[in-house]
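Data first, discussion second: the structure below is written as structure tokens.
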Amino acid sequence: MLYCVQPLLPSFTRAFSISPAAASLSLSAATAVLAVAMIFSGALSDALGRKTVMGASLAAAGAATLAASFAPDWTTLVALRALTGLALSGVPAVAMAYLVEEMDRSSVGFAVGLYIAGNTLGGMGGRLASAGIADVGGWRGAVGIVGLVSIGCAVVFAFALPKEKRALAPAQPIAFLPALAMHFRDPGLRYLFAMGFLLMGAFVATYNYIGFRLEAPPFSLSPGVVGLVYSIYLIGAVSSTVTGELAGRYGRRRIVGFAIAFMPIGVLLTLPENLWLMILGVGVLTIGFFAGHSIASSWVGLRAETGKAQASSLYLFFYYVGSSLAGSVGGWVFTLGAWPGEAAFIGALSGLALLIAFKLARVPPPAHVRTP
């Protein structure tokens, strides 16, 4: 749901006579609202239950996505996309907390890797479906079908997910801000929050604007064919699962830098005007992103001694703020510098993430964590 509009950005520029940067608001508005609202979703799930909050969020987001397919103008579409982000805020951080609490500690890395792999497959499916359907039924048909399928998935989720075993915690609004401050006092968590911002920023900037390059000369590919690029996400699904297993076995600090190093290498491979080399570069960057995100997201839950849902919410706050800011700024960069300028922007973000990974590896674990 969240990223189903990504392959439709060129279609939005034509349908509404807007710039690539303006078209990116259909994604940035959703991720920006999601980022802010998600900070509070962890505390809400403490009181109402993880499964209850996630199920309601999925159903509401599906309804908002379906409504967006009927938007009469660009402003309404962006507003409905923002509403979709608000509805989805009850899923990402709460799901991470659910896994950390319900799984054995030795299995957390693998479980989070599987969760991210599922997200990857869902994101790929939504992007491929919307791109393919748009070739036949336009962007409205694409968004509408994604919304209907998402509502059906929310129903399956409500029946299939086991209810959490832990008891519900009473709401404690007074302790909310001190809990956030406690997480920011941990230098390791601060590095992880920054890493999430940079990783997602580089990743979204890549996929937001690669379609514009592929639809333009010398490639001149159709939207449906461009949408096939998102099948590269399958590599990400494997990458996140394998990396989660390796992190649990060898330690996160030992492999995080190696994983993220794939991203700047991938960016360099996209520069020549060769279609297959460019696709290879996007694939290498995708491996690095999902590997780094799998390590960082599971590391947050393990490193936080208390308030794990809030810690996950903060990580994902910066993660989605990176998506919103880099996704929008990347539009202006692409307009001014075409793909070489965009590649430089993406390379700078991923290079900073790699630098932070090396710094993070030297931060000692907190007292309650006995594994790397």
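Last residue of the sequence shown? That's 372 in the numbering used here, and every number before it is there in order. For every residue, glycine included, the Cβ atom is placed at its ideal position computed from N, Cα and C.
With fewer than 16 other Cβ atoms inside 10 Å of its own Cβ, Asp73 counts as exposed. Here DSSP, grouped into helix, strand and coil, assigns Glu215 to helix. Asn208 is positioned such that its CB atom lies closer than 8 Å to that of Leu27. For Leu355, the uninterrupted alpha helix (DSSP H) segment begins and ends at Lys308 to Leu360. DSSP places Met124 inside the alpha helix (DSSP H), whose first and last residues are Val108 to Ala160. Proximity to Tyr191 across Asp104, His293 and Glu245 peaks at His293, based on C-alpha coordinates.
Where Gly49 is concerned, there is no enclosing alpha helix (DSSP H), because DSSP gives it neither an H nor an E. The C-alpha of Lys51 lies about 7 Å from the C-alpha of Leu161.
Annotation for Glu164: no alpha helix (DSSP H) segment contains it, and DSSP assigns it neither H nor E.
Around the C-beta of Lys165, fewer than 16 other C-beta atoms lie within 10 Å, and the residue is accordingly described as exposed. Secondary structure of Ile18 (DSSP, three-state): coil. Between the alpha carbons of Asn119 and Pro217 lies a gap of roughly 32 Å.
Annotation for Thr243: the continuous alpha helix (DSSP H) segment containing it runs Tyr233 to Tyr250. Here DSSP, grouped into helix, strand and coil, assigns Phe203 to helix. Cα atoms of Leu246 and Ser11: separation of roughly 40 Å, rounded to the nearest angstrom. Rounded to the nearest angstrom, the Cβ distance from Gly251 to Phe110 is 14 Å, too far for a contact under 8 Å. Cα atoms of Ile295 and Gly244: separation of roughly 6 Å, rounded to the nearest angstrom. Distances from the CA of Glu273 to each of Gly55, Trp339, Pro223 and Thr76 were compared; the closest alpha carbon is that of Trp339.
Trp139 counts as buried, since at least 16 other C-beta atoms from the protein chains shown sit within 10 angstroms of its C-beta.
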